[in-house]
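Step one of this worksheet: look at the structure below.
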Amino acid sequence: MPSKEKILVIGSQGQIGIELVERLRQIYGADNVVASDVKEIARIDQSHTGLYETLNVLNANRVHEVVKDHGINEVYLLAALLSATAEKDPAFAWDLNMNGLFNVLNMAKEGILSKIYWPSSIAVFGPTTPKKNTPQFTIMEPSTVYGISKQAGERWCEYYVNKYKVDVRSLRYPGLIGWKSAPGGGTTDYAVQIFHDALKTGLYTCFLEENTELPMMYMPDAIKATVDIMQAERSKIGIHSAYNLNGFSFSPKELAEEIRKHIPGLKMTCKPDFRQAIADSWPQSIDDSRARSDWGWKPEFNIGQMTSDMLINLNNQKKPKS
Ligand SMILES: NC(=O)c1ccc[n+]([C@@H]2O[C@H](COP(=O)([O-])OP(=O)(O)OC[C@H]3O[C@@H](n4cnc5c(N)ncnc54)[C@H](O)[C@@H]3O)[C@@H](O)[C@H]2O)c1
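Count along the sequence shown from 1, then add 307; that gives the number in the working numbering.
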């Protein structure tokens, strides 16, 4: 049976997009998933197997054009400036993170799109939020431009659902760790870089202090959660801002110890920079019981399984192809 989903992924060349497009094409068929990004495809060092459009999400006419040309009915909007990068250009971060979202929400309001996925982040929380097992509904006073934009985005998503009956679904991702693509300028990027440096030189300099505990998740679980929430019956989605989502929590010291089980000689030194203040404002662990009870969320990886899988895959990647 032909897929009823015609999907556009905006921001497909980033850390999540590369893996999400691959998974969506497995599920819905390559012909039903259009990847798009502001980056020209020719400049990207990735092998591409499907439809691709160069598109700036801030150009509403261009988004309309691509949606119309491909008969798109679902959009996964991943284009954003992440926490560390956003601090360097707050005005642009606000513009991209908010107006990109409005362009897509308004197409759903007009009835052109039937479903939207837009990710939020643990950055919606702030220094006054309870840090341990952070509840779904709690104090939210984000202190970063990224967190402010994600919190505002959540409010607008809920507003559009209530006011215009659009179907938009969202998850508050923790820091994401994957081996297929490079991270895009977040405060949790260290948890990816440490694997590369451990394998390459056995030395890693961390930009966070060694006991900074943050919530994290292995990319296969993040992709699974994204697919699961989008496939859930609409009646099961009880939260229209964004769902808390938890994987596991660790500090740089704990991650280094886990990697040393495989690479005993790993040496880590810590030189905290401006990202320390961002990390200090975020929760240490997350209560995701609503995602579990509403639509059956359950992560598969713990820190040990993630670490083994990362090292196996990064080692395989390094081997010359025969
Ligand atoms: N990676 C994480 O740990 C994490 C955690 C929480 C939330 N998120 C959210 O998930 C989403 C995707 O994150 P990511 O890590 O893949 O980010 P990323 O920075 O790796 O990728 C974003 C992609 O969007 C593209 N892009 C930027 N501006 C664009 C524009 N104007 N038009 C079209 N494309 C544009 C970029 O070229 C890039 O390929 C973001 O909304 C981010 O806030 C990510």
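Where a beta carbon is used, it is the ideal one built from N, C-alpha and C, also for glycine.
- prompt: Any idea if residue 607 is buried or exposed, counting beta-carbon neighbours within 10 angstroms, 16 or more meaning buried?
  reply: It counts as exposed.
- prompt: Taking DSSP as the reference, what is the three-state secondary structure of residue 549?
  reply: In this structure, residue 549 counts as coil in the three-state DSSP scheme.
field: Any non-hydrogen atom of ligand 1 closer than 8 Å to residue 469 Cβ
entry: No - ligand 1 has no heavy atom lying nearer than 8 Å to the Cβ of residue 469.
message: Taking its Cβ as the centre, do 16 or more other Cβ atoms sit within 10 Å of residue 456, making it buried, or is it exposed?
response: Here residue 456 is buried, its C-beta having at least 16 other C-beta atoms within 10 Å.
- prompt: Any idea which residues DSSP pairs residue 516 with across the strands?
  reply: Bridge partners of residue 516: none, in fact.
query: To the nearest whole angstrom, what separates the beta carbons of residue 482 and residue 521, a pair I think is in contact under 8 Å?
result: Contact flag correct, Cβ pair sits at about 6 Å.
message: With a threshold of 8 Å, are at least 3 pairs of Cβ atoms found where one atom belongs to the segment 489 to 502 and the other to the segment 511 to 518?
response: Touching, yes.
- request: Please find out if some non-hydrogen atom of ligand 1 comes closer than 8 Å to the beta-carbon of residue 441.
  value: Answer for residue 441: no, Cβ out of range of ligand 1.
- request: Determine the burial state of residue 462: buried for a count of at least 16 other Cβ atoms within 10 Å of its Cβ, exposed for fewer.
  value: In summary, residue 462 is exposed, with fewer than 16 beta-carbon neighbours lying within 10 Å of its beta-carbon over all protein chains present.
query: What did DSSP end up calling residue 343 once you bin it into helix, strand or coil?
result: Of the three classes helix, strand and coil, the one that applies to residue 343 here is strand, per DSSP.
- prompt: What residues in its chain sit with their C-beta under 8 Å from that of residue 404, if we drop five residues either side in the sequence?
  reply: Contacts found: 387, 388, 393, 453, 456, 457, 460.
query: Under the DSSP definition of a beta bridge, which residues are partnered with residue 286?
result: The chain is shown from 308 up to 629; residue 286 falls before or after that span and cannot be answered.
task: Quick one: residues in its chain with C-beta nearer than 6 Å to the C-beta of residue 345, no 5 flanking neighbours on either side, listed in chain order?
output: The beta carbon of residue 345 is closer than 6 Å to those of 363 in its chain, skipping five residues each way along the sequence.
Alpha carbon of residue 594 to alpha carbon of residue 551, nearest angstrom: In a straight line, the C-alpha of residue 594 is about 7 Å away from that of residue 551.
Limits of the unbroken alpha helix (DSSP H) element including residue 574: Not the alpha helix (DSSP H): residue 574 falls in the beta strand (DSSP E), residues 574 to 577.
task: Tell me whether residue 508 is buried or exposed, calling it buried when 16 or more other Cβ atoms sit within 10 Å of its Cβ.
output: Using a 10 angstroms sphere on the CB of residue 508, the tally of other CB atoms stays under 16, which defines it as exposed.
task: Say whether the segment 577 to 593 touches the segment 421 to 440, bearing in mind that this needs 3 or more beta-carbon pairs closer than 8 Å, one atom from each stretch.
output: Because the criterion of three Cβ pairs below 8 Å is met, the segment 577 to 593 and the segment 421 to 440 touch.
task: Keeping to the same chain, check which residues put their C-beta closer than 6 Å to that of residue 620; ignore five residues upstream and five downstream.
output: Apart from sequence neighbours up to five positions away, the residues of its chain that approach residue 620 with a beta-carbon distance below 6 Å are 486, ordered along the chain.
Residue 360, enclosing beta strand (DSSP E) - first and last residue: Its beta strand (DSSP E) spans residues 359 to 361.
field: Rounded separation between residue 418 and residue 618 - CA only
entry: Approximately 45 Å, taken between the alpha carbons.
Residue span of the beta strand (DSSP E) that contains residue 556, given as start and end: First-last of the beta strand (DSSP E) with residue 556: 555 to 557.
message: Going by DSSP, what residue range makes up the beta strand (DSSP E) through residue 431?
response: Note, residue 431: premise wrong, no beta strand (DSSP E); not H, not E.
message: Quick check on residue 395 - is its C-beta less than 9 Å from some C-beta in chain C?
response: Here there is only one protein chain, and chain C is not present.
query: If you check the beta carbons only, do residue 340 and residue 358 fall under 9 Å apart?
result: Closer than 9 Å, so yes.
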